[in-house]
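If you read the sequences in order, they're chains A and B. Residue numbers for the first sequence follow the UniProt record's numbering, beginning at 1 and rising by one. Residue numbers for the second sequence follow the UniProt record's numbering, beginning at 1 and rising by one. All C-beta atoms, glycine included, are put in the ideal place defined by N, C-alpha and C. Given the structure is predicted, the values throughout are model-derived calculations rather than measurements. First the structure, in the form of structure tokens, and then the observations on it.
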Amino acid sequence: MAKQLGFLVDTEKCIGCFSCEMACKNEYQTEVKPRWRRVYQLREASLPYPERNFISLACHHCADPACLKVCPVGAYSKREDGIVLHDHARCIGCRLCTMACPYGAPQYNEKERRVEKCNLCYQKIDRNEEPACVAACPVGALQLIRDLNSFPEPSTVKELPGFPDITITRPSIRFVPPRAGVQMRRDV
Amino acid sequence: MTNWEWPLVFFTILAQMAVGYLVMVVPGAAGKANPKWTYLLPAGLLATAMVISLGHLGHPENAYRALTHLASSWLSREVLLFSLCFLLLLVAFLAAKGGNQAQERLAAVLALASGLLGVLASALIYVLPARPAWYNFHTVLAFFLTAFLLGPALGMCFEQVLPGLTPWQEGRVAGRALALLLLLSIISSLSYLTFLAAAGPEARLTLTTLLASPWWWLRVLAGWLAPLAVSYQLRRQEGGSLSLSLALLVLLLVGELIGRALFYGTAVPLAIG
């Protein structure tokens with residue numbers, strides 16, 4: 001089985017500080033609007049737990065990427081380590097990938113009139129470094145999985161409530177799910 | 001309502017009308033065709049549609065690249081098939097002008113086939129699991145119904161001006177056929193609404209948005225009820241009527257344009273959270 005890099009998101013550790021988002025923006029100096037990485041608050045209605053939980057999501061570098069299949073110009077490619085790359089210069093801005101991705105990873109840059117997305121800091125990966133978002137996480141909630149095929153998964157899950165159907169593209173992400181905690185406050 | 005995608009609306013509707021028109025004119029074309037109206041009209045419609053579609057692209061100057069991922073992209077296949085259809089129509093026109101009936105017939109039939117496959121490819125672009133409102137057979141059905149409604153309506157208008165262009169399309173037959181297609185369109189839309197109601201939360205949100213939109217009700221009136229009344233009138237006219245045919249075409253065109261804009265504008269994507 002081919003190697004597949006991925007992300008591990010520990011919802012118990014994540015405090016929703018947006019450091020990962022900021023690190024990504026600093027690294028690539030992207031425009032305000034396309035947010036390659038986004039921090040979401042899990043909706044309380046989706047979970048039976050009276051506490052706030054966050055997940056940090058970017059492109060999942062899926063095993064079966066919908067973006068790659070639908071792109072009419074072949075701007076997407078999948079590396080041997082599973083990273084899904086987008087060739088910015090080749091993109092013609094048809095936005096079909098933004099419609100096909102269930103996770104909203106490819107986003108249209110209105111200024112450049114092209115789509116862009118997370119590249120998993122492949123240049124850092126090639127230097128055996130961590131992606132900018134992973135390195136910036138102050139609580140170790142976001143980690144890089146070097147190979148999903150040999151990743152010990154007993155304490156992790158492939159999806160959380162409110163996460164789109166994983167059978168569509170088989171996203172390369174795992175979660176440490178939230179556990180019931182003490183209620184400190186409720187959202188309005 | 002997020003995005004009406006007007007370039008895509010006009011592109012798909014005009015291309016489908018061109019293919020629907022071909023369905024009407026190609027069967028009886030060879031030898032007795034009026035080449036200008038039989039081949040150049042749909043070719044012109046297709047060319048106009050494809051030029052309009054460039055308005056959707058961020059970088060239209062590189063649109064030619066859309067032909068480079070035929071292995072898996074329905075968008076690439078759609079561009080190829082419609083381009084082929086356009087070129088074959090030009091070949092058919094030139095063959096008809098030169099009096100080569102066999103070549104004209106072959107090119108016309110191949111143009112029709114690639115046009116029909118182009119409509120199929122168009123529809124399959126949008127059969128995406130990430131958009132539950134599109135991820136069903138109604139998308140394919142709706143695209144073909146647009147072709148089979150607008151094509152004959154256009155053909156019926158030209159039949160009034162140029163008798164013999166679509167020989168089998170006499171007033172009563174055409175009116176009856178269109179009325180049946182309209183009924184099928186209405187039934188398929190009702191079936192679509194019930195599908196949305198029974199599917200997931202995103203599809204239900206699409207349904208709510210659709211029914212709350214005044215555009216939907218205008219589509220019901222202009223695209224279904226009024227054309228149904230006009231086609232009933234047409235059935236009663238022995239030799240057809242230019243004004244009724246024109247009214248029918250305009251109503252159907254408005255209805256389909258609004259319907260397609262709603263198709264793009266109301267499809268709620270899967271969302272996180």
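Can a CB atom of chain B be found closer than 7 Å to the CB of Lys69 (chain A)?
Yes, its Cβ sits closer than 7 Å to a Cβ of chain B.
Quick one: which residues of the UniProt domain "4Fe-4S ferredoxin-type" (82-111) of chain A get their C-beta closer than 8 Å to a C-beta of chain B? List them in chain order.
Listed by position, the residues of the UniProt domain "4Fe-4S ferredoxin-type" (82-111) of chain A near chain B (Cβ gap below 8 Å) are Arg90, Cys91, Ile92, Gly93, Cys94, Arg95, Leu96, Met99, Ala100, Cys101, Pro102, Tyr103, Gly104, Tyr108.
So, with DSSP's three-state summary, where would you put Phe86 (chain B)?
It is helical.
Bridge partners for Phe7 (chain A) per DSSP, in chain order?
A:Leu144, A:Ile173.
Across which residues does DSSP place Asn109 (chain A) in a beta bridge pair?
The partner list for Asn109 (chain A) (beta bridge, DSSP) reads A:Arg114.
Here's the rule I'm using: 16 or more other beta-carbon atoms within 10 Å means buried, otherwise exposed. How should Glu139 (chain A) be labelled?
It should be pointed out that residue 139 (chain A) corresponds to Val in this sequence rather than to Glu. It counts as exposed.
Taking 7 Å as the threshold (beta carbon to beta carbon), is Arg260 (chain B) in contact with chain A?
False, the Cβ-Cβ gap to chain A never drops below 7 Å.
Report yes or no: do three or more beta-carbon pairs, one from the stretch 141-155 of chain B and one from the stretch 59-71 of chain B, lie closer than 8 Å?
No, the stretch 141-155 of chain B is not in contact with the stretch 59-71 of chain B.
What residues of chain C sit near Phe163 (chain A), judged by a beta carbon separation below 9 Å?
No chain C is present in this structure, whose protein chains are A and B.
To the nearest angstrom, report how far apart Pro72 (chain A) and Leu124 (chain B) are at their CA atoms.
Taking the straight line joining both Cα atoms gives about 13 Å.
At what residues does the alpha helix (DSSP H) containing Gln123 (chain A) begin and finish?
Unbroken alpha helix (DSSP H) run through Gln123 (chain A): 122-126.
Out of curiosity, what's the CA-to-CA distance linking Gly6 (chain A) and Arg79 (chain A)?
Approximately 13 Å between the Cα atoms of the pair.
Under 6 Å Cβ to Cβ from Val157 (chain A), same chain only, skipping five residues before and after it: list those, please.
If we look at Val157 (chain A) and ignore the five residues flanking it on each side, its Cβ neighbours are Phe175, Pro177.
Among B:Gln101, B:Val161, B:Gly20, B:Ser245, which residue has its Cα nearest to the Cα of Leu120 (chain B)?
It is B:Gly20.
Comparing alpha-carbon positions, which option in B:Thr206, B:Leu257, B:Arg236, B:Thr208 lies nearest Pro7 (chain B)?
Checked all of B:Thr206, B:Leu257, B:Arg236, B:Thr208; the closest Cα to Pro7 (chain B) is B:Leu257.
Where does Phe54 (chain A) fall in DSSP's three states?
It is a strand residue.
From residue 190 (chain A) to Asn109 (chain A), what distance separates their C-alpha atoms?
As displayed, chain A neither begins before 1 nor continues past 188, which places residue 190 (chain A) out of reach and without an answer.
What would DSSP say about Leu128 (chain B), mapped onto helix, strand or coil?
Three-state DSSP puts Leu128 (chain B) in coil, outside helix and strand.
What would DSSP say about Leu270 (chain B), mapped onto helix, strand or coil?
Of the three classes helix, strand and coil, the one that applies to Leu270 (chain B) here is coil, per DSSP.
By DSSP's criteria, Val79 (chain B) is part of a beta bridge. Which residues make up the other side?
BP columns for Val79 (chain B) are empty, so no partner.
Mapping the DSSP letters down to three states, classify Ser73 (chain B) as helix, strand or coil.
Correct three-state label for Ser73 (chain B): coil.
What would DSSP say about Gln41 (chain A), mapped onto helix, strand or coil?
Strand at Gln41 (chain A).
Any beta-carbon of chain B closer than 7 Å to the one on Tyr40 (chain A)?
Yes, because at least one Cβ of chain B sits closer than 7 Å to the Cβ of Tyr40 (chain A).
What does a CB cutoff of less than 6 Å around Met1 (chain B) pick up in its chain, not counting 5 residues either side in sequence?
Any reading at Met1 (chain B) must be qualified, since the residue scores a pLDDT of 44, below 50, and its modelled position is unreliable; no value is offered.
Just reading off the alpha helix (DSSP H) that residue 277 (chain B) is part of, what are its end residues?
Past the boundaries of the shown model lies residue 277 (chain B); chain B is included only from 1 to 273, so the question cannot be answered.
Here's a check: name, in chain order, each residue in its chain whose Cβ is nearer than 7 Å to the Cβ of Gly116 (chain B), leaving out the five neighbours to either side.
The residue you asked about is not Gly; residue 116 (chain B) is Leu in the sequence shown. For Leu116 (chain B), where only same-chain residues beyond five positions count, the Cβ hits under 7 Å are Val19.
Using 8 Å as the Cβ pair cut-off and three pairs as the minimum, do the stretch 201-212 of chain B and the stretch 243-261 of chain B touch?
Too few Cβ pairs lie closer than 8 Å, so no.
With a threshold of 16 other CB atoms inside 10 Å of the CB of Tyr135 (chain B), please say whether the residue is buried or exposed.
Burial call: buried.
Give me, in chain order, the residues of the same chain whose beta-carbon lies closer than 6 Å to that of Phe10 (chain B); leave out the 5 immediate sequence neighbours on both sides.
Contacts found: Ile52.
Would you report the Cα separation of Lys13 (chain A) and Ile173 (chain A), rounded to the nearest angstrom?
Taking the straight line from one Cα to the other gives about 16 Å.
Between the stretch 126-148 of chain B and chain A, which residues of the former have a C-beta closer than 7 Å to a C-beta of the latter?
Cβ contacts with chain A come from Leu128, Pro129, Ala130, Arg131.
Looking only at DSSP bridge pairs, what is Lys78 (chain A) linked to?
For Lys78 (chain A), which the question treats as bridged, DSSP gives the partners A:Val84.
Go ahead and pull the three-state DSSP assignment for Val91 (chain B).
Val91 (chain B) falls in the helix class under three-state DSSP.
Using the Cα positions of Leu270 (chain B) and Ala66 (chain A), report the straight-line distance between them to the nearest angstrom.
Their Cα atoms are separated by approximately 14 Å.
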